[in-house]
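Take the sequence shown: its position 9, counted from the start at 1, is 4 in this note's numbering, and no numbers get skipped.
All residues carry an ideal CB built from backbone N, CA and C; glycine is no exception.
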Amino acid sequence: MTRTALRQTEPPVEPTPRTGSSPVSRARPTRRRPSWVLLGSLLVALAALLGAWVFAATSEQVSVMVAARDIQPGEVIGESDMQVVQIGASSELRAVDSTLQDLILGTSARGPIPRGTVLNTDLFTEQNGAIPGGMVVVGAALDPGAVPSSEMRAGDEVNVLAAQRTTAGQTDQADTPKATLLASGTVWSVEPTGSASGLWVSLMVPASAEGAVAQVAADGLLRLSLVGGR
């Protein structure tokens, strides 16, 4: 009797479907475009050249005269006392152009002129207009509230006053300190200071008032008032 063995076949396994989508690369192509890089570099260089040209075009230089040394009041100005420098042009600049130095040659300094000062005609007077005997020139750096006008000029007649310090809480008008008249004088020269609106004012006053005026100026209490025509 013969037996025949039968092999059982297993049913085929169905492939499990994927539940997620295939990953998609989001990386941008790494391909470079040399033409764009070159164009950008050229634009940057062009902008730099344009900026340099605009700066040079708007930075006009002028030749002016400055003091070659420290000049004392009353000194007569000669060619060796001045030198030419180049500075940026400004509508507010008051200076003697290098081609017009004859305007101040042979004149006398109204007051002390430090070396390097840009020279203008208000700093000088005719030789016979130098400081007369019995008079002195005293300088003071004044804030806007200490002068009657920012348009003061050399030759203006002024009263030189010494203001008094007030104390907090003073309400009685009778007890309010009053400014003291020190002297009558003449504005010798006016120059801007390094501050935004301050002025350096040189005053010609009687020699007898020199010490008082100088001390009040040092204390920051000097005040000026303009005097009408005499």
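Residue i, buried or exposed, once every other Cβ within 10 Å from all chains shown has been counted against 16
i       : result
Arg148  : exposed
Asp151  : buried
Arg110  : exposed
Arg160  : exposed
Ile82   : exposed
Ser85   : exposed
Met(-4) : With a pLDDT of only 49 at Met(-4), under 50, the local geometry of the prediction cannot be trusted, and the value read off the model is given with reservation. Under this definition Met(-4) is an exposed residue.
Pro139  : exposed
Supposed close pair residue i, residue j - CB separation, criterion 8 Å
i      : j      : result
Ala157 : Leu177 : 5 Å
Val208 : Val196 : That pair is no contact at about 11 Å.
Ala90  : Val59  : 4 Å
Val153 : Val182 : 6 Å
Ala125 : Gly69  : 4 Å
Candidates the options, of which the one nearest residue i by Cα
i      : options                  : result
Ala174 : Leu216, Val133 and Ile82 : Leu216
Val80  : Val61, Gly193 and Gly128 : Val61
Arg64  : Val91, Ser58 and Ser75   : Ser75
Gly193 : Ala202, Pro143 and Ile72 : Pro143
Thr116 : Ser220, Val200 and Leu88 : Leu88
Element boundaries [beta strand (DSSP E), containing residue i]
i      : result
Gly73  : Gly73 -> no beta strand (DSSP E), and no H or E assigned at all.
Gly180 : Thr175 to Pro187
Arg218 : Leu217 to Leu221
Range covered by the alpha helix (DSSP H) that runs through residue i
i      : result
Glu121 : First-last for Glu121: undefined, no H or E at that position.
Val211 : Glu205 to Ala213
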